[in-house]
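Numbering (our numbering), first residue to last: -6 to 345. These notes concern the structure reproduced below.
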């Protein structure tokens, strides 16, 4: 299956078929999710309540089957994104479809506090200096379709709707979000903002690994050299004023290396030894890390958060006189990596 694509809303104009339909319907995504209720009437959901609609294709339970298939497939792929969501490192936008960019501020530190015996001496008045920045909020999406005969056959035989394609589209969209978190999408530039990932964030700390971790069986790498790399990355972040807690991400090429003994005839693996390092939450495999490298991230909102404008959602429209039913699985989820005005951040990436 091909990669998920991007629709966007620029300067009040919609680019892409679904984007244009949403603009025509007041940016309400539920207008593209009509369902047939038990009374035979068509409805859409508005503010949590059913509202009569003109036409519908899927029954409510069929929408539920599709939603569940898509979300289950998506959860299997969102490793880094799930880490952010589970720790509340998110920023939710109530009308993500109607918002093209996120405007935010970064700030510089104030000077040191003063000290004297009576506090009468006039102090130096400080206030933080803010800088306005922008983050694009594109729509990530993947499409599929049913024809009316396939839908009718499902209902005639009583078999559940085949949601395999929907699940694959959900997986594709989830992979795109995860890939952006780790590798960025620096070619997507809008409103003066660029979407960066852990691997290409300009303020990230960089360094070199002592030896390739996947060569732990050779003389060039060992449990000790891998531990030394982790300690060096941790110290670099501490020196940059980021004190943890840290999540460590490695590529698939390094996974089995961490299952080797830390030392010859040791009673613990390299992975177990790394998890004994203070403030290391976990060491996880991220298969979207395209190069052999190690990433360490402080898991706090001043370093990274996921901007959520729309959860992974399928929408529907028809063509060919109602003979073809088109579906698009879409989301607005963009990572926001953060640094202060001095360029300090809690992200380190060491490469071979």
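Glycine included, C-beta positions come from ideal geometry on N, C-alpha and C. Please read all numbers here as calculations on a predicted model, not as lab measurements.
Which class does residue 175 belong to by DSSP, given the choice of helix, strand or coil?
-> Along the chain shown, read from residue 1 onward, the residue named residue 175 stands at position 182. If DSSP states are grouped into helix, strand and coil, residue 175 belongs with the helices.
Span of the alpha helix (DSSP H) around residue 231 = In the chain shown, the residue the question calls residue 231 occupies position 238. From DSSP, the alpha helix (DSSP H) with residue 231 extends over 216 to 232.
For the stretch 249 to 262 against the stretch 297 to 305, are there 3 or more C-beta pairs whose distance is under 8 Å?
-> In this structure the stretch 249 to 262 does not lie against the stretch 297 to 305, because fewer than three pairs of beta carbons, one per stretch, are closer than 8 Å.
For residue 59, I'd like the list of residues in its chain whose CB is within less than 6 Å of its CB, leaving aside the five on either flank, ordered along the chain.
-> Indexing the chain shown from 1 puts residue 59 at position 66. 156, 159, 307.
Alpha-carbon spacing of residue 189 relative to residue 175, whole angstroms | Locating residue 189 in the chain shown gives position 196, counting from the first residue. Locating residue 175 in the chain shown gives position 182, counting from the first residue. Taking the straight line joining both Cα atoms gives about 8 Å.
Three-state secondary structure (DSSP) at residue 201?
-> For the purposes of this step, residue 201 is taken as the residue at position 208 of the chain shown. In the structure shown, residue 201 sits in a strand (DSSP, three-state: E or B).
Provide the residue span of the beta strand (DSSP E) that contains residue 317, from first to last.
-> In the chain shown, counting from the first residue as 1, residue 317 sits at position 324. Per DSSP, the continuous beta strand (DSSP E) segment holding residue 317 begins and ends at 317 to 330.
Could you tell me the distance, in whole angstroms, from the CA atom of residue 201 to the CA atom of residue 345?
-> Here residue 201 refers to the residue found at position 208 of the chain shown. Here residue 345 refers to the residue found at position 352 of the chain shown. Straight-line Cα distance between these residues: approximately 6 Å.
Closest by C-alpha distance to residue 280, when choosing among 55, 71, 57, 56 = Position 287 of the chain shown, counted from the start, is the residue given in the question as residue 280. Nearest C-alpha to residue 280: 71.
Figure out for me which residue from 54, 22, 337, 326 has the closest Cα to the Cα of residue 197.
-> Counting from 1 along the chain shown, the entry for residue 197 is found at position 204. Closest option to residue 197, Cα to Cα, is 337.
Is it true that the stretch 243 to 251 meets the stretch 262 to 269, where meeting means three or more beta-carbon pairs spaced less than 8 Å apart?
-> The stretch 243 to 251 is in contact with the stretch 262 to 269.
How would you call residue 223, buried or exposed, if buried means at least 16 neighbouring beta carbons within 10 angstroms?
-> By 1-based counting over the chain shown, the position of residue 223 is 230. Buried: at least 16 other Cβ atoms inside 10 Å.
Whole runs of the beta strand (DSSP E) within the stretch 262 to 289, excluding any shorter than 3 residues | Listed in chain order, they are 273 to 278.
Own chain residues within Cβ distance below 7 Å of residue 274, not counting five before or after | Along the chain shown, one-based indexing puts residue 274 at 281. Closer than 7 Å at the Cβ level, and outside the excluded window around residue 274, lie 238, 239, 240, 292.
Measure the alpha-carbon distance for residue 54 versus residue 294 and round it to whole angstroms.
-> Numbered from 1 along the chain shown, position 61 holds the residue referred to as residue 54. Numbered from 1 along the chain shown, position 301 holds the residue referred to as residue 294. Residue 54 and residue 294: Cα-Cα distance of roughly 38 Å.
Tell me whether the beta-carbon of residue 186 lies closer than 8 Å to the beta-carbon of residue 247.
-> For the purposes of this step, residue 186 is taken as residue 193 along the chain shown, with counting starting at 1. For the purposes of this step, residue 247 is taken as residue 254 along the chain shown, with counting starting at 1. It is not a contact, given that the beta carbons lie outside the stated cut-off.
With DSSP run on the structure shown, which of helix, strand or coil describes residue 78?
-> Position 85 of the chain shown, counted from the start, is the residue given in the question as residue 78. Residue 78 carries a helical assignment under DSSP once its states are collapsed to helix, strand and coil.
Which residue comes first and which comes last in the beta strand (DSSP E) that contains residue 311?
-> Here the question's residue 311 lines up with position 318 in the chain shown. 297 to 312 is the span of the beta strand (DSSP E), which, as asked, contains residue 311.
Select from 326, 342, 334 the residue whose C-alpha is nearest the C-alpha of residue 77.
-> Numbered from its first residue, the chain shown carries residue 77 at position 84. Ranking the options by Cα distance to residue 77, first place goes to 326.
Examine the Cβ distances between the stretch 310 to 318 and the stretch 128 to 147 and report whether three or more of them are shorter than 8 Å.
-> Segments in contact, yes.
Give a yes or no on whether the C-beta atoms belonging to residue 163 and residue 66 are separated by under 8 Å.
-> Residue numbering aside, residue 163 sits at position 170 when the chain shown is read from its first letter. Residue numbering aside, residue 66 sits at position 73 when the chain shown is read from its first letter. In terms of Cβ geometry, residue 163 and residue 66 form a close pair [threshold 8 Å].
Environment of residue 328 [buried if 16+ CB atoms lie within 10 Å] = Here the question's residue 328 lines up with position 335 in the chain shown. With 16 or more other Cβ atoms within 10 Å, it is buried.
Helix or strand or just coil, what does DSSP make of residue 241?
-> Here residue 241 refers to the residue found at position 248 when the chain shown is read from its first residue. The answer is strand: DSSP assigns residue 241 an E or B state.
Name the DSSP beta bridge partners of residue 341, please?
-> Taking the first residue of the chain shown as position 1, residue 341 is located at position 348. Residue pairing by DSSP places residue 341 opposite 198, 289 in a beta bridge.
Between which two residues does the beta strand (DSSP E) harbouring residue 133 extend?
-> As a first step, residue 133 is located in the chain shown; it is residue number 140 there, counting from the start. Per DSSP, residue 133 belongs to the beta strand (DSSP E) from 132 to 140.
Give every residue of the same chain whose Cβ lies closer than 7 Å to the Cβ of residue 96, excluding the five residues on either side of it in the sequence, and list them in chain order.
-> What you label residue 96 is simply residue 103 of the chain shown in a count that begins at 1. Closer than 7 Å at the Cβ level, and outside the excluded window around residue 96, lie 125, 127.
Close beta carbons around residue 195, own chain, < 6 Å, minus the five adjacent residues each side | Taking the chain shown and counting its residues from 1, one reaches residue 195 at position 202. Hits under 6 Å: none found.
Going straight from the alpha carbon of residue 74 to that of residue 173, what length do you get?
-> The residue you call residue 74 lines up with position 81 of the chain shown. The residue you call residue 173 lines up with position 180 of the chain shown. For residue 74 and residue 173, the distance between alpha carbons rounds to 10 Å.
Verify whether the separation of the beta carbon atoms of residue 296 and residue 331 is less than 8 Å.
-> Sequence index remark: in the chain shown, residue 296 carries index 303 (1-based). Sequence index remark: in the chain shown, residue 331 carries index 338 (1-based). Cβ atoms of residue 296 and residue 331: closer than 8 Å.
Residues bridged to residue 85 (per DSSP) | Working through the chain shown from its first residue, we reach residue 85 at position 92. Beta-bridge partners assigned by DSSP to residue 85: 301.
With respect to the beta strand (DSSP E) encompassing residue 190, which residues constitute its N-terminal and C-terminal limits?
-> Position 197 of the chain shown, counted from the start, is the residue given in the question as residue 190. Premise fails: residue 190 is in no beta strand (DSSP E) and is neither H nor E.
Report the rounded CA-to-CA distance for residue 93 versus residue 242, giving the unit in angstroms.
-> On the chain shown, position 100 is the one that residue 93 refers to. On the chain shown, position 249 is the one that residue 242 refers to. Roughly 30 Å separates the two Cα atoms.
Would you decide whether residue 232 is buried or exposed? Buried here means 16 or more other CB atoms lie within 10 Å of its CB.
-> Taking the chain shown and counting its residues from 1, the one referred to as residue 232 is at position 239. Looking at its Cβ environment, which holds fewer than 16 other Cβ atoms inside 10 Å, residue 232 is exposed.
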